[in-house]
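Residues 0 to 515 in numbering that gives the first Met the number 0 are what the sequence shown lists, from first letter to last. Note that beta-carbon positions come from the ideal geometry of N, C-alpha and C, so glycine has one too. Read through the structure below, which is laid out as structure tokens, and then see the notes.
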Amino acid sequence: MCSEGPEWIRIWIGPRLLTLLVIFTLCYFHALANYSLQIDDELASVRSDPGVWLMQGRWGAYLFERWVVSLPAIPFAALFIFGVFSSIAYLVLLSAHGVVRPAVIHVLSFPVFAAFPTWMHLAAFSANIAAAGLALLFCCLFARAFVSYVDATTSRSAGALTHLMRAVVLAALATSIYQSFVITCAALGLGLLVARALAQPEASRPLRDLVMLMLILCLAVATYWIMNSIFLYATGLRDGGYVGNIVNIRHFFLDPLGMVRAALRNMAAVYGGSAHVFGMNILGFPLLILVGIVAIGALTISVVPSFAKRAVILAMIGVLVLVPFSLDILSGGMPVRTMVAVPSAVWFFTMAGLTSGQYWLEKISVVALLMSLLGLVQANNLVQSVDMAVRHHDRQLAADLYRRIAEVQESFDSHKIYAVDIHGALPFQPLQVRPMTSTWGYSFFEWDGGNLLRMVSYMRLLGYTNLVEASADRRRANLSIFSAMPRWPAPGSVVVHEGNTLIKLGDMPGYPFNVP
Numbered sequence: 000m001c002s003e004g005p006e007w008i009r010i011w012i013g014p015r016l017l018t019l020l021v022i023f024t025l026c027y028f029h030a031l032a033n034y035s036l037q038i039d040d041e042l043a044s045v046r047s048d049p050g051v052w053l054m055q056g057r058w059g060a061y062l063f064e065r066w067v068v069s070l071p072a073i074p075f076a077a078l079f080i081f082g083v084f085s086s087i088a089y090l091v092l093l094s095a096h097g098v099v100r101p102a103v104i105h106v107l108s109f110p111v112f113a114a115f116p117t118w119m120h121l122a123a124f125s126a127n128i129a130a131a132g133l134a135l136l137f138c139c140l141f142a143r144a145f146v147s148y149v150d151a152t153t154s155r156s157a158g159a160l161t162h163l164m165r166a167v168v169l170a171a172l173a174t175s176i177y178q179s180f181v182i183t184c185a186a187l188g189l190g191l192l193v194a195r196a197l198a199q200p201e202a203s204r205p206l207r208d209l210v211m212l213m214l215i216l217c218l219a220v221a222t223y224w225i226m227n228s229i230f231l232y233a234t235g236l237r238d239g240g241y242v243g244n245i246v247n248i249r250h251f252f253l254d255p256l257g258m259v260r261a262a263l264r265n266m267a268a269v270y271g272g273s274a275h276v277f278g279m280n281i282l283g284f285p286l287l288i289l290v291g292i293v294a295i296g297a298l299t300i301s302v303v304p305s306f307a308k309r310a311v312i313l314a315m316i317g318v319l320v321l322v323p324f325s326l327d328i329l330s331g332g333m334p335v336r337t338m339v340a341v342p343s344a345v346w347f348f349t350m351a352g353l354t355s356g357q358y359w360l361e362k363i364s365v366v367a368l369l370m371s372l373l374g375l376v377q378a379n380n381l382v383q384s385v386d387m388a389v390r391h392h393d394r395q396l397a398a399d400l401y402r403r404i405a406e407v408q409e410s411f412d413s414h415k416i417y418a419v420d421i422h423g424a425l426p427f428q429p430l431q432v433r434p435m436t437s438t439w440g441y442s443f444f445e446w447d448g449g450n451l452l453r454m455v456s457y458m459r460l461l462g463y464t465n466l467v468e469a470s471a472d473r474r475r476a477n478l479s480i481f482s483a484m485p486r487w488p489a490p491g492s493v494v495v496h497e498g499n500t501l502i503k504l505g506d507m508p509g510y511p512f513n514v515p
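In structure tokens form, the structure reads like this:
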């Protein structure tokens, strides 16, 4: 009764995990301590059927929301669950690299892995971030299974097939939650192969292991696709074309150079810590990556005797830099929230510099790490400050709109249902820089160019529950009426017409009239 419990509990749920959770809480304190509705939360908060994930090919996210976290868009819980999963994932990743007891440098580098500003872009969608933590854990478990497979094949010991099957299943599970995580598996696998080749220059076979990594990931994607087809068939749902909308193969073949240039621009902006992406310049990021590449290159030349192995290792470094942006090449530009492999790649180069064994490289890495930690905390809180302003604006605007709706009715009754049609959008112009391709800092009343479903759902969530959207036919008929109305907040911008309350926020019609 007084034993310390199983060894795995002492390792994974002990002081090490608690230390990482404390660091995670410090990095995300404002986001954890405050609740701010984000774009999509207005729908996710009241969603009872997670089948939307199946239509996007994300059956893992479907199972997670159905059986684990059924209400993802709630205060604190979603982001904290991500923190728990990412902390465990980090310990698993360290163990895959042979680190059983993390040192100070491993603890200090944890925010690069779990609080890199790209995660805040994903955290803008509360329904995504909790499951993303589980996907990250699957990726790190994949890394551990993969390195066990490599060790088993090198030593010709038993169990190689078991490790291979585990790696395939774990990568498929990560992909099923968010397709971009297959890229994270690739980045983690490449990092392990480089580290192993440098630690065992004579015994390692990097080219063979690289081919096996590619094969395992192909098998994982095939497994994911088969399971996705089974889920769609079993539920009777249809594929919504989510993946097809991301990967534009036709455009790639029409303009491959243009697609590659766009991906390289995104890569330079993200790795360069550009204010265009993060809202402020973070000079520590490019310095961390550069020092890490120099450290690996120098170590490769000094410890690897074979020219062929050197070439393979250096090529893998190049691939590791590029692979987090591989979907960008096929799409011509992806939102920053999809770049879930970037933190893992940057973390690997961070550790390479900190453990290079070269005094001057290690000192530069420490300085770059401190600059990066300061930068990522500021960047994550910058989006929070922008968001606080826009959410205050949205709440005030919703109250003003509801007041005007009540004023134009002949006899307003709060228990009566009113059909509303809103034309156009009302853009919010913050003083601070809004991050690129993110919903942070954008108004519910401007997203999609003005989306009636989003705006009315948001107002209902705030308590204005007697509002509903006008019918599609009625909305088309209202377009001619809107053309003669003044914009909000001018008198006459809110009127009643044939039983519908019409509100004109902007001159240009909103969704779906603003799309082909």
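Please report the distance separating the alpha-carbon of residue i from that of residue j.
i	j	result
C1	Y89	Low local confidence applies: a pLDDT of 48 at C1 is under 50, so the model's placement there is unreliable, and no value is given.
I104	V167	31 Å
G332	Y270	15 Å
F481	S470	16 Å
N265	A170	25 Å
I404	E468	13 Å
R61	D39	Here the sequence assigns Tyr to residue 61, which means Arg is not the residue at that position. Straight-line Cα distance between these residues: approximately 16 Å.
V276	L263	14 Å
L212	A418	56 Å
A274	W487	33 Å
L36	R390	8 Å
K308	V376	39 Å
N513	V210	47 Å
Q178	P485	45 Å
A398	R453	16 Å
L53	G59	9 Å
T464	S410	18 Å
H496	L236	38 Å
W118	L17	21 Å
W224	L140	20 Å
F102	F145	Reading the sequence as shown, one finds Ala at residue 102 and not Phe. Their backbone Cα atoms lie some 24 Å apart in a straight line.
Smallest Cα separation from residue i: which of the options?
i	options	result
I312	V193, L452 and V91	V193
V111	I128, S86, H96 and S94	S86
M387	S364, Y441 and H496	Y441
S551	F124, L53, A186 and V322	Nothing can be reported for residue 551: it is not among the residues displayed for the chain, which extend from 0 to 515.
A604	D327, G505, V320 and A76	The structure shown does not extend to residue 604, since the chain spans only 0 to 515, so no value can be given for it.
M279	L163, Q357, L381 and Q178	L381
Q357	V322, H120 and G296	G296
D448	R402, T464 and P511	Strictly speaking, residue 448 in this sequence is Gly, with Asp absent from that position. It is P511 whose Cα lies nearest to the Cα of G448.
Y27	F115, S94 and D48	F115
K415	G498, L286, A344 and G239	G498
L353	D48, G291 and G190	G291
L368	I73, I281, Y241 and V98	I281
N379	G491, E361, P434 and Q408	P434
M218	R165, L191 and F230	One detail in the question is off: residue 218 reads as Leu in this sequence, not Met. It is R165 whose Cα lies nearest to the Cα of L218.
P508	E445, S355 and L461	E445
N127	L461, R336, S456 and F324	R336
V385	V432, M370, V341 and V339	V432
E41	L451, V91 and R473	L451
Pop quiz: residue i and residue j are said to be a contact at Cβ under 8 Å. What is the actual Cβ separation, rounded to whole angstroms?
i	j	result
V466	R459	Note on residue identity: the sequence assigns Leu, not Val, to residue 466. Right, the Cβ-Cβ distance comes to about 6 Å (below 8 Å), so this counts as a contact.
A173	A134	5 Å
L400	I502	6 Å
M315	P205	7 Å
G283	G423	That belief does not hold up - the Cβ atoms of G283 and G423 are roughly 42 Å apart, past 8 Å.
L360	V293	7 Å
F348	L287	6 Å
R143	A113	The pair is not a contact, with the Cβ atoms about 17 Å apart (cut-off 8 Å).
Specify, as a first and last residue, the run of the beta strand (DSSP E) that residue i falls within.
i	result
T500	N499 to K503
L466	L466 to E468
V494	V493 to H496
What is the residue span of the alpha helix (DSSP H) that residue i lies within?
i	result
H96	Where H96 is concerned, there is no enclosing alpha helix (DSSP H), given that its DSSP letter is neither H nor E.
V290	G283 to V302
S43	Residue identity differs from the one stated: residue 43 is Ala in this sequence, not Ser. Its alpha helix (DSSP H) spans residues D40 to A43.
W52	G50 to M54
L17	P14 to C26
S482	A471 to S482
V276	A274 to F277
M266	P255 to Y270
Y61	W58 to W66
I'd like to know if residue i contacts chain D, where contact means its C-beta is closer than 8 Å to some C-beta of that chain.
i	result
W446	Judged by its chain identifiers, the structure shown contains no chain D, having just a single protein chain.
**Study point:** Continuous alpha helix (DSSP H) assignments of at least 4 residues falling wholly in the segment 174-214
**Key:** 180-198
Check your understanding: Enumerated in chain order, which unbroken segments of the beta strand (DSSP E) with a length of 3 residues or greater are wholly contained in the segment 397-451?
Key -> 417-422
**Study point:** Whole runs of the alpha helix (DSSP H) within the segment 316-366, excluding any shorter than 4 residues
**Key:** 325-330 and 341-353
Practice item. Could you tell me which uninterrupted alpha helix (DSSP H) segments, each at least 4 residues in length, are contained entirely in the segment 99-187, listed from first to last along the chain? Key: 103-113, 117-122, 125-154 and 159-176
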